[in-house]
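**Student:** Have a look at the structure that comes next, please.
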Amino acid sequence: KAGVTQTPRYLIKTRGQQVTLSCSPISGHRSVSWYQQTPGQGLQFLFEYFSETQRNKGNFPGRFSGRQFSNSRSEMNVSTLELGDSALYLCASSLAASVGNTIYFGEGSWLTVV
Amino acid sequence: GQSLEQPSEVTAVEGAIVQINCTYQTSGFYGLSWYQQHDGGAPTFLSYNGLDGLEETGRFSSFLSRSDSYGYLLLQELQMKDSASYFCAVRSSGSARQLTFGSGTQLTVLP
Chain A
1 KAGVTQTPRY LIKTRGQQVT LSCSPISGHR SVSWYQQTPG QGLQFLFEYF
51 SETQRNKGNF PGRFSGRQFS NSRSEMNVST LELGDSALYL CASSLAASVG
101 NTIYFGEGSW LTVV
Chain B
115 GQSLEQPSEV TAVEGAIVQI NCTYQTSGFY GLSWYQQHDG GAPTFLSYNG
165 LDGLEETGRF SSFLSRSDSY GYLLLQELQM KDSASYFCAV RSSGSARQLT
215 FGSGTQLTVL P
């Protein structure tokens with residue numbers, strides 16, 4: 001079956017703009033989590049959604065937000081972009097929320113803020 | 115919260131065995147897992163230890179000791195394609211139950 005799909009794969013934005021990234025989980029998976037990855041850094045947890053509800057949130061400012069739709073697809077939004085927001089944003093899906101250690105990542109969205 | 119420490123870089127030659135260590139601090143967790151990420155690619159799940167001891171999956175093995183707050187990933191018969199970043203991860207059993215990753219170990223396999 002199809003894996004986790006993220007769009008767009010690459011994008012360039014200007015400081016102050018906002019961006020919306022999309023994630024379609026593996027069919028049947030109801031949990032979606034988002035991570036930010038910067039060069040030399042690990043994967044920093046952003047948030048996790050299950051059944052359209054945010055279950056966990058990482059230590060990021062309020063400019064970072066997300067949502068999940070009834071079909072389990074998820075979007076994350078970053079407003080008032082800063083140069084430091086340049087990163088690879090990874091979405092991962094799993095069957096259930098907040099349990100287990102096996103999650104399946106998409107290829108990510110590369111965001112460059114100039 | 116949780117914190118995990120891994121070496122930032124490890125280098126080994128083809129055919130060799132390499133061990134990547136992960137020490138963690140967490141009040142309680144479900145288990146330790148490992149992910150592999152090639153440059154420009156998505157992290158992929160490698161191994162999971164829910165209980166203490168050794169888990170073997172082909173050339174890869176993973177070990178967990180809860181009493182020592184320590185685990186490792188063992189890669190045998192190294193191949194060039196094993197050059198990648200390796201991340202350990204834990205999911206806390208507390209109220210904040212997100213999956214937390216270490217900062218990753220860049221493995222370079224030399225010919």
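Just so you know, the protein sequences line up as chains A and B, in that order. Position 3 of the first sequence, counted from 1, bears residue number 3 in the numbering used here, the numbering being contiguous throughout. In the numbering used here, each residue carries its 1-based index in the second sequence increased by 114. Glycine included, each C-beta is placed from N, C-alpha and C at the ideal position.
Apply the 10 Å Cβ neighbour rule to A156/B and answer buried if 16 or more other Cβ atoms are within range, or exposed otherwise.
**Tutor:** By 1-based counting over the second sequence, the position of residue 156/B is 42. The residue is buried, with at least 16 neighbouring Cβ atoms inside 10 Å.
**Student:** Would DSSP call L188/B helix, strand or coil?
**Tutor:** Taking the second sequence and counting its residues from 1, the one referred to as residue 188/B is at position 74. Strand at L188/B.
**Student:** If we define contact as Cβ-Cβ less than 7 Å, is Q193/B a contact residue for chain D?
**Tutor:** Within the model displayed, chain D is absent; protein chains A and B are what it includes.
**Student:** DSSP three-state call for G106/A: helix, strand or coil?
**Tutor:** If you number the first sequence from 1, residue 106/A lands on position 106. Coil.
**Student:** Give the single residue among G28/A, P25/A and F47/A whose Cα lies nearest to the Cα of Y35/A.
**Tutor:** Taking the first sequence and counting its residues from 1, the one referred to as residue 35/A is at position 35. Minimum Cα distance to Y35/A is reached at F47/A.
**Student:** Once the 5 residues before and after T14/A are set aside, which same chain residues still bring their CB inside 8 Å of it?
**Tutor:** The residue given as residue 14/A occupies position 14 in the first sequence. Only L81, V113 and V114 meet the Cβ criterion.
**Student:** From this set, S183/B, Q190/B and G164/B, which residue's C-alpha is nearest G172/B's C-alpha?
**Tutor:** Mapped onto the second sequence, residue 172/B falls at position 58. Checking every option, the nearest Cα to that of G172/B belongs to Q190/B.
**Student:** By a C-beta neighbour count over all protein chains shown, 10 Å radius and 16 as the cutoff for buried, is G62/A buried or exposed?
**Tutor:** Taking the first sequence and counting its residues from 1, the one referred to as residue 62/A is at position 62. Answer is exposed; the Cβ neighbour count stays below 16.
**Student:** Go through its chain and collect everything with a Cβ distance to S70/A's Cβ below 8 Å, but skip five positions before and after it.
**Tutor:** Counting from one through the first sequence, the residue named residue 70/A turns up at place 70. Once the five neighbours on either side are set aside, the close Cβ partners of S70/A are E52.
**Student:** Mapping DSSP to helix, strand and coil, what is G84/A?
**Tutor:** Taking the first residue of the first sequence as 1, we reach residue 84/A at position 84. DSSP places G84/A in helix when its eight states are reduced to three.
**Student:** Enumerate, from N- to C-terminal direction, the unbroken beta strand (DSSP E) stretches of 3 or more residues contained entirely within the stretch 140-190 of chain B.
**Tutor:** 143-151, 158-163, 167-171, 174-179 and 184-189
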